[in-house]
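So the structure is just underneath, and the comments pick up after that.
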């Protein structure tokens, strides 16, 4: 189907309201628009560069953890949580009680992402994996009573307080089996000659339109993007996350999704999505370059001055790359050393301006690797 002739779906009136029934998507898609194709080419090239970076950087998985923490924070913020990346990196014991719900939602997102990435080794990108991931996402947080891990069995809506004043009413739950089966087939259909970035752009739109769960659809739909790119080896490491771009352009994100449904303007959504991929890949490459510079400074100019304490200091800095906000007990456990050794190490790192104490307390002190964290803000 040519995207210019695309019809997003129809309104179905039933039970006193009209729900949107989207068109099936598991078929060929023809894109003749020069702007879309140019953006696609640029985004593909930049993704290739990002993938090369992720293979060249030693200990890259440490830094991937930070990318996931940033994605979890940004994706959850789109849904209204206020957790900062610094708070997301803190242990639960240091979080203010009034912020605990937001903190838990972000940590559930991190757990769900890690679960899903690991799950791809055993399962295809499927409704089954999405359900299992959704269960992780919603466990013990707001929405935990809204069928975690199960497709909805009732009508939901977006915006407003009821079906009567809703901004958008997704398809009736009776349509979900066919719609989700079609989406799953589209994601995995090797016979289709649809470029991967076009395919996941369409799939993300379709998932958000179907809204198959009672809660958590936005977060899971954005997580789906990374899962698709990893499962299809577009990127070898989960180093590309679009939630930062979507959060910065939140109204445009929602407006472009809505325009597809209301005006059949799939082209505008593809332009927005591909621009997001391009800008995010560029940003991720810049972050990796900044990490390389920081590592060189910290490891080759600062830590190297510590003499016989260098080996232990190198263990600590590697730990800080994945957990840049720590307390002394945590370091003692991670490095399997006594607390007096930890205190000496911390003093060394403070003198070298690698770590800074952030509470101002004399006890229960917390230390932050600020120069590293700011690369992910």
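Residue numbers (the numbering used here): 9 to 385.
Idealized CB from N, CA, C, for every residue including glycine.
1) Is it right to say residue 148 is buried, meaning 16 or more other beta carbons lie within 10 angstroms of its own, or is it exposed?
2) In terms of residue numbering, what span does the beta strand (DSSP E) encompassing residue 20 cover?
3) Do you know how far the Cα of residue 229 is from the Cα of residue 112?
4) How many angstroms separate the CA atom of residue 70 from the CA atom of residue 19?
5) How is residue 180 classed by DSSP in three states: helix, strand or coil?
6) Please report the Cβ distance between residue 178 and residue 217, rounded to the nearest whole angstrom; I am assuming they are in contact, meaning their Cβ atoms lie under 8 Å.
7) Measure the C-alpha to C-alpha separation of residue 28 and residue 59 and round it to an integer number of angstroms.
8) When we look at the beta-carbon of residue 35 and count the other beta-carbons within 10 Å, is it buried (16 or more) or exposed?
9) Select from 300, 336, 108 the residue whose C-alpha is nearest the C-alpha of residue 348.
10) Classify residue 369: buried if its beta carbon has 16 or more other beta carbons within 10 angstroms, exposed otherwise.
11) Are the CB atoms of residue 72 and residue 118 within a distance shorter than 7 Å?
12) Nearest CA to the CA of residue 282: which residue from 189, 208, 339, 373?
13) Report yes or no: do three or more beta-carbon pairs, one from the region 89-106 and one from the region 277-295, lie closer than 8 Å?
14) Using only the alpha-carbon positions, how far apart do residue 67 and residue 166 sit?
15) Which same chain residues end up closer than 8 Å to residue 267 when comparing Cβ atoms and leaving out the 5 residues on each side of it in sequence?
16) Considering residue 102, what are the terminal residues of the alpha helix (DSSP H) in which it resides?
17) Considering only DSSP beta bridges, list what residue 375 is partnered with.
18) Using the beta-carbon count (16 or more within 10 Å), is residue 38 buried or exposed?
19) How far does the beta strand (DSSP E) with residue 30 in it reach, from first residue to last?
20) For residue 164, I'd like the list of residues in its chain whose CB is within less than 7 Å of its CB, leaving aside the five on either flank, ordered along the chain.
21) Quick check: what's the CA-CA separation for residue 271 versus residue 26?
22) Would you mind working out which of 123, 279, 9 sits nearest residue 260, comparing C-alpha positions?
23) At the level of alpha carbons, what is the spacing between residue 108 and residue 262?
24) Which residues bound the alpha helix (DSSP H) around residue 293?
25) Using 8 Å for Cβ pairs, my map puts residue 339 next to residue 324. What's the rounded Cβ distance?
26) Tell me the DSSP secondary structure of residue 40 in three-state form.
27) Measure the CB-CB distance between residue 131 and residue 137 and report whether it falls below 7 Å.
28) Taking the alpha helix (DSSP H) that residue 5 belongs to, which residues open and close that run?
Working from what's here:
1) Within the chain shown, the letter at position 140 stands for residue 148. Residue 148 sits exposed, since fewer than 16 C-beta atoms from the chains shown fall within 10 Å of its C-beta.
2) For this step, residue 20 is matched to residue 12 along the chain shown. 17-22 is the span of the beta strand (DSSP E), which, as asked, contains residue 20.
3) Here residue 112 is taken as the residue at index 104 of the chain shown, counted from 1. Here residue 229 is taken as the residue at index 221 of the chain shown, counted from 1. C-alpha separation (whole angstroms): 19 Å.
4) For the purposes of this step, residue 70 is taken as residue 62 along the chain shown, with counting starting at 1. For the purposes of this step, residue 19 is taken as residue 11 along the chain shown, with counting starting at 1. In this structure, the straight-line span from the alpha carbon of residue 70 to that of residue 19 is close to 47 Å.
5) Numbered from its first residue, the chain shown carries residue 180 at position 172. It is coil, neither helix nor strand.
6) Stepping through the chain shown from its first residue, residue 178 is reached at position 170. Stepping through the chain shown from its first residue, residue 217 is reached at position 209. Beta-carbon to beta-carbon, residue 178 and residue 217 are separated by about 7 Å, close enough to satisfy the 8 Å threshold.
7) On the chain shown, position 20 is the one that residue 28 refers to. On the chain shown, position 51 is the one that residue 59 refers to. When rounded, the distance between both Cα atoms is 38 Å.
8) Along the chain shown, read from residue 1 onward, the residue named residue 35 stands at position 27. Its Cβ having fewer than 16 others within 10 Å, residue 35 is exposed.
9) For the purposes of this step, residue 348 is taken as the residue at position 340 of the chain shown. Looking at the Cα atoms, 336 is the closest of the given residues.
10) Here residue 369 refers to the residue found at position 361 of the chain shown. Under this definition residue 369 is an exposed residue.
11) Taking the chain shown and counting its residues from 1, the one referred to as residue 118 is at position 110. Taking the chain shown and counting its residues from 1, the one referred to as residue 72 is at position 64. No, the Cβ-Cβ distance between residue 118 and residue 72 is not below 7 Å.
12) As a working note, residue 282 is residue 274 in the chain shown. Residue 208 holds the alpha-carbon nearest to the alpha-carbon of residue 282 among 189, 208, 339, 373.
13) No: fewer than three Cβ pairs fall under 8 Å.
14) As a first step, residue 67 must be located in the chain shown, where it is residue number 59. As a first step, residue 166 must be located in the chain shown, where it is residue number 158. Residue 67 and residue 166 have their C-alpha atoms roughly 42 Å apart.
15) Here the question's residue 267 lines up with position 259 in the chain shown. Close CB contacts of residue 267 within its chain, under the 8 Å cut and outside five residues either way in sequence, are with 273, 276, 277 (chain order).
16) Within the chain shown, the letter at position 94 stands for residue 102. Segment: none, residue 102 is in no alpha helix (DSSP H) and carries neither H nor E.
17) Taking the chain shown and counting its residues from 1, one reaches residue 375 at position 367. 334, 365.
18) To locate residue 38, count along the chain shown from 1; it is residue 30. Label assigned to residue 38: exposed.
19) One-based indexing of the chain shown puts residue 30 at position 22. Note, residue 30: beta strand (DSSP E), 25-30.
20) If you number the chain shown from 1, residue 164 lands on position 156. The residues 178, 219, 222, in chain order, have a CB closer than 7 Å to that of residue 164 in the same chain once the five nearest residues on each side in sequence are set aside.
21) Within the chain shown, residue 271 is the residue found at index 263, counting from 1. Within the chain shown, residue 26 is the residue found at index 18, counting from 1. One C-alpha to the other measures close to 17 Å.
22) Here residue 260 refers to the residue found at position 252 when the chain shown is read from its first residue. The alpha carbon of residue 260 has as its nearest neighbour, out of 123, 279, 9, the alpha carbon of 279.
23) Taking the first residue of the chain shown as 1, we reach residue 108 at position 100. Taking the first residue of the chain shown as 1, we reach residue 262 at position 254. Rounded to the nearest angstrom, the two C-alpha atoms are 28 Å apart.
24) Translated into positions along the chain shown, residue 293 becomes position 285. That run of the alpha helix (DSSP H) goes 274-305.
25) Counted from its first residue, the chain shown places residue 339 at position 331. Counted from its first residue, the chain shown places residue 324 at position 316. Contact between residue 339 and residue 324 holds, with the beta-carbon distance rounding to 6 Å and staying under 8 Å.
26) Counting from 1 along the chain shown, the entry for residue 40 is found at position 32. Coil at residue 40, not helix or strand.
27) Translated into the one-based positions of the chain shown, residue 131 becomes position 123. Translated into the one-based positions of the chain shown, residue 137 becomes position 129. Yes; because the gap between Cβ atoms is below 7 Å, this pair is in contact.
28) Residue 5 is absent from the structure shown; the chain starts at 9 and stops at 385.
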